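Following the working numbering, the numbering of the sequence shown begins with 6 at its first residue and continues without gaps.
By construction, the Cβ of each residue, glycine as well, lies at the ideal position given by its N, Cα and C atoms.
As the structure is a computational prediction, the values presented were derived from the model and not from experiment.
One structure below.
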Amino acid sequence: MHTSRLHRHTVNINPPTERFAALRPEPGASPGTLRSDPEAVPTALYVIWYNAHHFEEKRLMGLHELDTLSRPAASLLWLDVRGLKNHELLQAVASRFDVHPLALADVVNVPQRPKTELYDKHLLVIAHMALLVSAHAPSARGAGDPRVGESELHMEQVSVLLGKNFVLTFQESDEDGDAFEPVRQRIRQARGKIRGSGGDYLTYALLDAVVDGYYPVLEELAKTFEELEELTLEKPAPQTGQRIHALKRVLLTLRRGIWHLRDAMSSLLRGEDLEDGQESLMHRGTLVYLRDVYDHVVQVVDMIETYREFAASLMDVYLSSVNNRMNEVVKVLTIISTIFLPLSFIAGLYGMNFDTHRSPWNMPELHWFYGYPFALGLMVVVAAGMLYAFRHFGWIGKPPRLPRDDA
Numbered sequence: 006m007h008t009s010r011l012h013r014h015t016v017n018i019n020p021p022t023e024r025f026a027a028l029r030p031e032p033g034a035s036p037g038t039l040r041s042d043p044e045a046v047p048t049a050l051y052v053i054w055y056n057a058h059h060f061e062e063k064r065l066m067g068l069h070e071l072d073t074l075s076r077p078a079a080s081l082l083w084l085d086v087r088g089l090k091n092h093e094l095l096q097a098v099a100s101r102f103d104v105h106p107l108a109l110a111d112v113v114n115v116p117q118r119p120k121t122e123l124y125d126k127h128l129l130v131i132a133h134m135a136l137l138v139s140a141h142a143p144s145a146r147g148a149g150d151p152r153v154g155e156s157e158l159h160m161e162q163v164s165v166l167l168g169k170n171f172v173l174t175f176q177e178s179d180e181d182g183d184a185f186e187p188v189r190q191r192i193r194q195a196r197g198k199i200r201g202s203g204g205d206y207l208t209y210a211l212l213d214a215v216v217d218g219y220y221p222v223l224e225e226l227a228k229t230f231e232e233l234e235e236l237t238l239e240k241p242a243p244q245t246g247q248r249i250h251a252l253k254r255v256l257l258t259l260r261r262g263i264w265h266l267r268d269a270m271s272s273l274l275r276g277e278d279l280e281d282g283q284e285s286l287m288h289r290g291t292l293v294y295l296r297d298v299y300d301h302v303v304q305v306v307d308m309i310e311t312y313r314e315f316a317a318s319l320m321d322v323y324l325s326s327v328n329n330r331m332n333e334v335v336k337v338l339t340i341i342s343t344i345f346l347p348l349s350f351i352a353g354l355y356g357m358n359f360d361t362h363r364s365p366w367n368m369p370e371l372h373w374f375y376g377y378p379f380a381l382g383l384m385v386v387v388a389a390g391m392l393y394a395f396r397h398f399g400w401i402g403k404p405p406r407l408p409r410d411d412a
């Protein structure tokens, strides 16, 4: 497994309800209808064809250039389609490679649930790619991706379509540094067994790279949670609660991206999507490697669930810390009010307006030579006594020590 930190521009992620409302199919639309996304990126074609001894890579200006390629015998064609805006070009690609209309609709009408679908001549795998991108990188498509530490999380649907001697991949964006780049490097440098294997092994490598992309995100989440835990316990601020809530949304996004992929991989490994005579698309030997991908998918799911529980606990701790700080403030104000209560009584007592000439019992203290210092001293003694009592009971300062058990 190769985990690499990738940096690329970002694509704005609308809230799920808004995006589904914008891309929902028209009532009564025929199956396989392609929906138009105004935010879709223009379509570009990139092709790689190779075998154990030959490799070439090229960006196509049109689909017709496939006919001009000098492909050696027994070579595998990988056509990477980036951007889903040009429906005519996408339909031309589907027609050339005999892609089922329902498969093309699942590819174009994003977002779809991660799944595997087997058709007569090809196998379709839909997954969600997670990438950490630089928060300060310029982007021509706007901002809005959720923040993870100093980076932003970019989620994107990717589709891998496996056919006989070809693999098609479809991405929403057309930018370098995607999750497939390590696979391209392995093909260019002829590392491992990928150059000598078929399209099923390339499909495995691509899915493996997609799952690998979740690990850097989870590592960054772990660092962010450690920072927020310290802030929550030491100095909880409103921004801390907002960041915790934002991370809970990030975890929910990651969970949606990986949860159903686990079920899809499980059904593929059990052979539920491989009918009689169709094992040639996915050889049994490749399923051994797919089991490793499935194990990592399960591991990612477990980590996400653990982080979700931790985020919920951290939010509870934050709310408790805020309440404790509020209680401390109320306690201080209550202590101040309690101290001034007897002082106000003393001041009010000596402020009563009795006629001292009519009776010797009408506040004789007013004629004392040191009456005023006595009143002030009495106030100081009362306040000091109350502070000492509060400290002794542990209401202010350090709490009282528990008695030692010498037994």
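For the beta strand (DSSP E) containing residue i, list its first residue and its last residue.
{"i": "arginine 275", "result": "No beta strand (DSSP E) contains arginine 275, which DSSP labels as neither H nor E."}
{"i": "aspartate 85", "result": "81 to 87"}
{"i": "leucine 74", "result": "Segment: none, leucine 74 is in no beta strand (DSSP E) and carries neither H nor E."}
{"i": "aspartate 176", "result": "Inspection of the sequence shows that residue 176 is occupied by glutamine rather than by aspartate. Looking at the DSSP string, the run of the beta strand (DSSP E) that includes glutamine 176 is 171 to 176."}
{"i": "threonine 229", "result": "That residue, threonine 229, is in no beta strand (DSSP E); its alpha helix (DSSP H) goes 219 to 239."}
{"i": "arginine 200", "result": "Premise fails: arginine 200 is in no beta strand (DSSP E) and is neither H nor E."}
{"i": "leucine 50", "result": "49 to 55"}
{"i": "glutamate 186", "result": "Premise fails: glutamate 186 lies in the alpha helix (DSSP H), 186 to 193, not in any beta strand (DSSP E)."}
Going by Cα to Cα distance, which pick from the options is closest to residue i?
{"i": "asparagine 114", "options": "Gly376, Val386, Leu392, Gln162", "result": "Gln162"}
{"i": "leucine 252", "options": "Phe230, Ala269, Leu238", "result": "Phe230"}
{"i": "threonine 258", "options": "Gln194, Leu223, Asp42, Ser164", "result": "Leu223"}
{"i": "asparagine 170", "options": "Arg267, Met287, Ala317, Leu109", "result": "Met287"}
{"i": "methionine 384", "options": "Ser364, Asp300, Leu348", "result": "Leu348"}
{"i": "valine 255", "options": "Ala317, Val386, Leu39, Asp72", "result": "Ala317"}
{"i": "histidine 301", "options": "Arg289, Val335, Ile263", "result": "Ile263"}
{"i": "aspartate 179", "options": "Thr343, Tyr51, Leu173, Ile341", "result": "Tyr51"}
{"i": "arginine 275", "options": "Arg261, His265, Arg296, Arg260", "result": "Arg296"}
{"i": "tyrosine 294", "options": "Thr48, Met270, Gly353", "result": "Met270"}
{"i": "histidine 250", "options": "Leu324, Gly197, Asp268, Ile199", "result": "Leu324"}
{"i": "valine 305", "options": "Pro221, Leu107, Ala108", "result": "Pro221"}
{"i": "arginine 118", "options": "Gln176, Asn91, His265", "result": "His265"}
{"i": "glutamate 44", "options": "Asn367, Gln244, Asn91", "result": "Asn91"}
{"i": "arginine 189", "options": "Val335, Asn358, Lys63", "result": "Lys63"}
{"i": "serine 156", "options": "Asp205, Leu273, Lys228", "result": "Lys228"}
What does the alpha-carbon distance come out to for the pair residue i and residue j?
{"i": "glycine 402", "j": "arginine 396", "result": "6 angstroms"}
{"i": "glycine 246", "j": "methionine 320", "result": "7 angstroms"}
{"i": "tyrosine 377", "j": "glutamate 370", "result": "9 angstroms"}
{"i": "leucine 207", "j": "leucine 292", "result": "12 angstroms"}
{"i": "aspartate 281", "j": "proline 36", "result": "Residue placement at aspartate 281 is poorly supported in this model, since its pLDDT is 49, which falls under 50; the coordinates are not used for a value here."}
{"i": "tyrosine 209", "j": "proline 116", "result": "22 angstroms"}
{"i": "leucine 39", "j": "aspartate 111", "result": "9 angstroms"}
{"i": "valine 130", "j": "leucine 84", "result": "15 angstroms"}
{"i": "leucine 94", "j": "methionine 134", "result": "23 angstroms"}
{"i": "leucine 158", "j": "valine 138", "result": "6 angstroms"}
{"i": "tyrosine 124", "j": "histidine 105", "result": "7 angstroms"}
{"i": "serine 41", "j": "aspartate 103", "result": "22 angstroms"}
{"i": "alanine 195", "j": "tryptophan 54", "result": "13 angstroms"}
{"i": "valine 337", "j": "alanine 389", "result": "16 angstroms"}
{"i": "arginine 193", "j": "glutamate 225", "result": "30 angstroms"}
{"i": "valine 172", "j": "valine 165", "result": "7 angstroms"}
{"i": "tyrosine 299", "j": "isoleucine 309", "result": "15 angstroms"}
{"i": "histidine 372", "j": "methionine 391", "result": "29 angstroms"}
{"i": "valine 322", "j": "valine 303", "result": "29 angstroms"}
{"i": "glutamate 333", "j": "tyrosine 375", "result": "40 angstroms"}
{"i": "threonine 339", "j": "leucine 346", "result": "10 angstroms"}
{"i": "asparagine 367", "j": "isoleucine 344", "result": "28 angstroms"}
{"i": "leucine 74", "j": "threonine 174", "result": "19 angstroms"}
{"i": "arginine 289", "j": "lysine 198", "result": "16 angstroms"}
{"i": "threonine 15", "j": "proline 47", "result": "Note that threonine 15 scores 38 on pLDDT, short of 50, meaning its location in the model is unreliable; the coordinates nonetheless yield the value given after this. So the two alpha carbons sit approximately 15 angstroms from each other."}
{"i": "alanine 49", "j": "aspartate 72", "result": "17 angstroms"}
Label residue i either buried or exposed according to how many other C-beta atoms from any shown protein chain fall within 10 Å of its C-beta, with 16 as the threshold for buried.
{"i": "leucine 136", "result": "buried"}
{"i": "glycine 203", "result": "buried"}
{"i": "phenylalanine 379", "result": "exposed"}
{"i": "glycine 88", "result": "buried"}
{"i": "aspartate 213", "result": "buried"}
{"i": "threonine 121", "result": "buried"}
{"i": "histidine 434", "result": "With the chain represented from 6 up to 412, any question about residue 434 goes unanswered, as that position is not in the structure."}
{"i": "leucine 419", "result": "Here the chain comprises residues numbered 6 to 412, so residue 419 is not present and cannot be evaluated."}
{"i": "isoleucine 341", "result": "exposed"}
{"i": "arginine 200", "result": "buried"}
{"i": "arginine 330", "result": "exposed"}
{"i": "valine 86", "result": "buried"}
{"i": "valine 386", "result": "exposed"}
{"i": "alanine 108", "result": "buried"}
Would you give the residue range spanned by the alpha helix (DSSP H) that residue i belongs to?
{"i": "glycine 168", "result": "Per DSSP, glycine 168 belongs to no alpha helix (DSSP H); it is in the beta strand (DSSP E), 156 to 168."}
{"i": "isoleucine 309", "result": "289 to 355"}
{"i": "phenylalanine 379", "result": "376 to 397"}
{"i": "leucine 95", "result": "92 to 101"}
{"i": "leucine 107", "result": "106 to 113"}
At least 3 beta-carbon pairs within less than 8 angstroms: the region 74 to 84 vs the region 48 to 64: yes
The region 177 to 186 touching the region 212 to 220, judged by at least three CB pairs closer than 8 angstroms: yes
Cβ pair count under 8 angstroms reaching 3, the region 94 to 107 against the region 234 to 246: no
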